[in-house]
Structure formats: C-alpha cells, structure tokens
Amino acid sequence: MSLAFRELGFFSLWLARDFGGPELSLTDFVRVVEALARSDASVAWCATNGGGYARFSGFLPDAVTRRIFVEERAVVAGNMGPLGRAVQVPGGYRVTGYWPYGSGITHSDWALGGCMVLDGDAPRRKPDGTPDARIVFFPSAAAEVLDTWDVGGLRGTGSHDYRVADLFVPETHTVSRAGDTPLLSGPLYALPFHTAFGVTIAAVPLGIARAALDSLRELSASKTPRIGSVLLRDRPVIQAAVGRAEAVLRAARAFLLEACHEAWSAASADVPLSLEQRALVRLACAHVAEAAKQVVQIAYDAGGATSVYETCPLQRCFRDAYAAAQHVQVQSGNFETGGRVMLGIEPGTPIL
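Under the UniProt record's numbering, the residue at position 103 of the sequence shown is numbered 103, and the numbers go up by one with no gaps.
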C-alpha cells in the first residue's frame, strides 16, 4: 500500500511545483484527503501527514529537497511538536528526543521531529524573545521505533513512539518551526504554519463522517429491526436522523472550504492573514471534528445493535472519528481560541 501511494503521489501532495509536485491549494488538498478517508481513515491519516510534510520542500535547501522528495521520493513521517532537544555544534545540531504519535513511521524513509534549541539548559531565544524551535530531518533508520500504538481508533496508522539519542543533524536538514523562513514564493509557503497543518488534519474527519453515512444508507436498505416490520430506511426516525446528519456534515464542510478559500486568496495576493482569518480556519477545523463526531454518533445509533460488531463499518467510523478529533489541531479547546479572537481578546496560544 505504501509503495502504491508513493507511486500515485499521495505523499507528495504539497511538493513544490519547482520540484515537479502538484503544490495543491488548501481546498484541493482537503478534497483529496476527504476522498481517501471515505474509503479508509488510517490510510488517509498517513497520506495527509506525508503529503502535508512535502510542504517543507519550500523551506529546505534545494539540494536537500531534491534528495529527499525528488531523488528518493521519500515518505516522511514524524511529530513536529518541540519535544526534542537540539544543541548547536559546528555544522548542525546534536539531537536527543522522544516523540509520540509518529504516524506512518514504520513505512517512512525519513523522519522529522520538533526540537527546542538549547542554550545551556534553557531554550535559546530568538531576537523577538520567543523560544528557538526547529524541525529536524533525519533518516528513519536512525530512530528507534517503539511498539506503542495499541489504540481503538485509527489503528492502521502505526503512530508509534520513536526516539533518537545524540544524533547529529546537519543545519541544512533543519527548518524553523515557526515556518517564517520559506525559500520559495507562493501562497502555500506564505500561510502560517498552524493554518496549513490544521487543515491537513481536519480533512480526515470529513471523509470519516461521509463513510458513516454511506454505511448507514447501505445498512438501512437491508436491515429490518427484530422489533418491527419495515426496513430501517422506511422508519421516520431514521429518515430524520439521516437528514439531520447530512445537514450537519454539509454545513461543516462548507465552512472549512470557505475558510480555506479565503485564506488561500489572501496568501495568493501576498497579503498576510489577519488574526480573524487564522481564527476562522482554526474554528472551521475544530467544527469539522466536532461535526464528524455528531454524524457518526447519529449513524451509529441508527444502526442499532449491528453497530457494535467489528464487522460493521459504523463501528470503525465511530472509533476513527473520535480518535481523529483528539488531535491538538482540531480538538475542542480550539473553540476557546477562536472565541477569544472573535471577542477582540488575544488568542492566548501560539497554535493559531
């Protein structure tokens, strides 16, 4: 599967056009990943991470990008959270780190990890006073992968923990985690780091929710409850449930695509996104995750006792939707951030 997806280009969705990639817009990226998630959420999760990480082709030096993304056509996996420690040495950094949630790490060629650059025992500060955080890239073979992914939802992502100890990483294989130093021009690289990354995560719950409704429609056309004499689809309560779920899903999808379109339009015009535009993307991402949970809950309930079986797709949709919604980029705490901005208050978080 991984080899097929590599050949089909799903791990290169945001590879720069300068290097032969499609460099998809936000809305096109959402539609591709949504379609994948409609078939298999775990596959889509790995594709959205790998395809999203190809965005670093606009930030890494030309030679490094060509090696990783063009010559090797590498699958990149990892966790961008600044959980590692990087000590600057001549030519690069000595990196020690332990990262959870390394989605796709077992089939990757290159790994990445977020790190705090240390000045002694304390984080080094940039001129603006913020901590100096970087994302480092290294061959996956240099990391120890730990078998930790024993979960209910998104089981197939293989999001195991991984670690490295005192690993030398050349300066050329690192980028600022703030995403403020692109080497290529274009809207994809002008977007704020968290705006782009949040969208890649939100695309998956959209497809999961649609898959749940697909499954319910199929089940409702063949199942007659034990206590009853008509098919599920002929029961008014099921008809109302499907109508409600369809409305919830389409509204959430429309909000996400609208927010993505507005953000992309601003970036295309070389206009920095306003705080409100960034907050709207954040709210749209969180709303999609919440709406997906609501939709799969409706579908799961409508399926009755059939839904509890592992053989029923509704069971997997339920687990996958709730697992995806736990990601920091889409979890419910983002509503507070968006609400603060709408009220004219500082967001109170750098994750915007």
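Note that the Cβ used here is the ideal one computed from N, Cα and C, for glycine as well.
| query | result |
| --- | --- |
| Rounding to the nearest angstrom, what Cα-Cα distance links I298 and G186 in this structure? | 41 Å |
| For E144 and R38, I'd like the C-alpha separation in whole angstroms. | 32 Å |
| Once you ignore the five residues that flank F197 on each side, which residues in its own chain have a CB closer than 8 Å to its CB? | G52, M80 and Q329 |
| How is W264 classed by DSSP in three states: helix, strand or coil? | helix |
| Classify I227: buried if its beta carbon has 16 or more other beta carbons within 10 angstroms, exposed otherwise. | exposed |
| Could you work out which residue in V117, V30 and D40 is closest to Q315 when comparing CA atoms only? | D40 |
| Which ranges does the alpha helix (DSSP H) cover as unbroken runs of at least 4 residues, wholly within the stretch 4-92, from first to last along the chain? | 26-39, 41-53 and 62-65 |
| Please classify H173: is it buried, with 16 or more other beta-carbons within 10 angstroms of its beta-carbon, or exposed? | buried |
| Going by alpha carbons, who is nearest to Y322 out of T349, G303, C312 and A292? | A292 |
| Quick check on this structure: which residue in A16, W14 and R73 has the alpha carbon closest to the alpha carbon of A4? | R73 |
| Could you tell me if D320 is buried or exposed, where buried requires 16 or more neighbouring beta carbons within 10 angstroms of its beta carbon? | buried |
| Under 8 Å between the Cβ atoms of F10 and A47? | yes |
| Where do the N-terminal and C-terminal ends of the alpha helix (DSSP H) with A111 fall, by residue? | Here A111 belongs to no alpha helix (DSSP H); instead the beta strand (DSSP E) covers W110 to D119. |
| Could you say which of G104, G50, A133 and L146 lies nearest to M116 if we only look at CA atoms? | A133 |
| Figure out for me which residue from G113, A254 and A241 has the closest Cα to the Cα of Y93. | G113 |
| With three or more C-beta pairs closer than 8 Å as the rule, is the stretch 295-310 touching the stretch 176-184? | no |
| Between I105 and G152, which are expected to be in contact by the criterion C-beta below 8 Å, what is the C-beta distance as a whole number of angstroms? | The pair is not a contact, with the Cβ atoms about 20 Å apart (cut-off 8 Å). |
| For the alpha helix (DSSP H) containing H107, name the first residue and the last one. | Element bounds for H107: n/a, residue is neither H nor E. |
| Helix, strand or coil: which one does DSSP assign to A133? | strand |
| Quick check on I135: buried or exposed, where buried means 16 or more other Cβ atoms within 10 Å of its Cβ? | buried |
| Which value, in whole angstroms, describes the spacing of the CA atoms of T200 and S229? | 44 Å |
| Pull up the DSSP beta-bridge partners for G102, would you. | H160 |
| Could you say which of D28, D180, T148 and R155 lies nearest to K126 if we only look at CA atoms? | D180 |
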